[in-house]
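Heads up, the sequence shown is in this note's numbering, so the first residue is -18 and it goes up one at a time. Using N, Cα and C, we set each Cβ at its ideal position, and we do this for glycine too. Report on the structure given below.
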Amino acid sequence: MSYTPSLQALQSLTQHDLEHVNRLILDSFNQPIPMIHDIAQHIVRSGGKRIRPTLTLACHHVLGYAGQHHIPLATAVELIHTATLLHDDVVDESTLRRGIATANSIWSNQASVLVGDFLFSRAFQLMVASGSMDALQLLANASATIAQGEVHQLMVAGDLHTTPEVYLEVITRKTATLFEAATEIAPILAGYDALRLPFATFGSALGIAFQLVDDALDYAADQAVLGKTVGDDVREGKITLPLMVAYAAANDAERIFWERVISEGNIQDGDVPHAIALVQKHGGIATTLNLAQDYANQAHKALDEIADGLPKQANHHALRALHDTVAFCVHRAM
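What follows is the structure, encoded as structure tokens:
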């Protein structure tokens, strides 16, 4: 029987704690300003696996943490992520996320930006409530780094000369940083400073693998799988690894096509399917997924290092669930 990785073990492990997180999220949305409540509720209804706060909860299980401060911090992680989604949809002019109309397309760009700002503020309130200055510093630094990554991505949009190294810098800042912070919170609260680096390495590597798979899926998945319109990266002029591979291998006619579509932003009927076909033709998806697997292997290695330094009260079942999560994040593109 073949092995199909899933999030089932992770979800079962964290189900009870995640219920507390969800309640705290809903409490955060219960505000006297109706628009905050309405937009926030819309985001909750749009679904999502809550992978980042779930990772925070699971990492605390690994270390046998018996306190309660991980609940507000996991909630803060999710609120930071949700705020970035609201802002991203405005920047990208997106109309669909997870198969549902985006908040900015229903209300307005102004409303989405302002509610995103509120969620950031609420996240910081929860960080302070945790009582951990180290955790507050970690998540505050992560928030600043995420913003840097978003600005960096905006700077290189449409630039076909962007290198893979710059691309990896961007996704490390804008995506992997929050994964890293989400996992590093556990050794901070549990008091295992010696394990902060491997937990951080695990989160960062998983975050990079996760984003690489997302970028590959934009050229490979259907809308139901991707949760947004396929080919959005082309429409938005985003320079991702699948496109880089295709452009590097392109003939003269293909380069002219990419320059018109990406650099000039002149997209005509049939251009998006053609772009997808070119990426597939030149192996852009396979190259990206192979790199994602490399980072997944780094995440597995970090988990092995964590296992070597675990305390006696550690939960090895939780560690196994994290290995499954790494495998799932890559396998979802298969």
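- Beta-bridge partners assigned by DSSP to ALA267: none are found.
- Of the candidates LEU198, LEU222 and MET225, LEU198 places its Cα closest to the Cα of GLY212.
- It is roughly 8 Å from the alpha-carbon of ILE220 to the alpha-carbon of ILE243.
- Judged by beta-carbon spacing, LEU272 lies within the 8 Å limit of LEU222, meaning their Cβ atoms are closer than that value.
- Beyond the five residues adjoining it in sequence on each side, GLU165 comes within less than 7 Å, by CB distance, of LEU119, ARG177, PHE180, ALA181 and GLY184 in the same chain, given in chain order.
- Residue range 158 to 171 is occupied by the alpha helix (DSSP H) that includes ALA171.
- Counting along the chain, TRP239 sits inside the alpha helix (DSSP H) bounded by residues 233 to 239.
- Pairing LEU170 with HIS51 gives a Cβ-Cβ distance under 8 Å.
- Counting C-beta pairs with one atom in each stretch, the segment 20 to 38 and the segment 141 to 153 have fewer than three that are closer than 8 Å, which means they do not touch.
- Each residue's CA atom was taken as its position, placing ARG26 and ALA128 some 26 Å apart.
- Residue environment: PRO168 is assigned as buried (16 or more neighbouring CB atoms within 10 Å of its CB, all protein chains considered).
- For ILE81, the pairing in a beta bridge is given by DSSP as ARG78.
- Between ILE61 and the set LEU107, ASN296, GLN279 and ASP275, the nearest pair of CA atoms involves LEU107.
- Shown here for LEU224: not one same chain residue has a beta carbon closer than 6 Å to its own, the five before and five after excluded.
- Taking all protein chains in view, the Cβ of VAL215 is crowded by 16 or more other Cβ atoms within 10 Å, so the residue is classified as buried.
- Here the alpha carbons of LEU284 and ALA125 stand approximately 27 Å from one another.
- Your pair GLY264 and VAL226 checks out as a contact, with CB atoms roughly 6 Å apart and the cut at 8 Å.
- Excluding residues up to 5 positions away in sequence, PHE160, ALA280, VAL307 and CYS310 lie with their Cβ nearer than 7 Å to the Cβ of LEU187 in the same chain.
- Per the coordinates, the alpha-carbon of ILE24 lies some 24 Å from the alpha-carbon of ALA39.
- A straight line joining the alpha-carbon of LEU7 with that of ILE20 spans about 12 Å.
- Just so you know, the alpha carbons of LEU5 and ALA138 end up roughly 37 Å apart.
- For LEU(-6), the number of other beta carbons within 10 angstroms of its own is at least 16, and it is reported as buried.
- The alpha-carbon of ALA84 is positioned some 14 Å away from that of LEU100.
- C-alpha of HIS68 to C-alpha of ASP233: approximately 37 Å in a straight line.
- Residue burial annotation: GLN134 is buried, with at least 16 other C-beta atoms found within 10 angstroms of its C-beta.
- The shortest C-alpha to C-alpha distance from ASP70 to any of ILE287, TYR46 and GLU217 is the one to GLU217.
- Per DSSP, reduced to three states, the secondary structure at GLY184 is helical.
- The beta-carbon separation of ALA123 and ALA162, rounded to 4 Å, stays under the 8 Å limit for a contact.
- In the three-state scheme derived from DSSP, where H, G and I count as helix and E and B as strand, ARG33 is classed as helix.
- Runs of alpha helix (DSSP H) with 4 or more residues, each lying fully within the segment 34 to 76, are found at 51 to 72, listed in chain order.
- In the structure shown, GLU131 adopts helical secondary structure according to DSSP, grouped into three states.
- By the Cβ-count criterion, ASP(-2) is buried, with 16 or more other Cβ atoms from all chains shown falling within 10 Å of its own Cβ.
- 8 Å or more divides the Cβ of TYR228 from the Cβ of LEU44.
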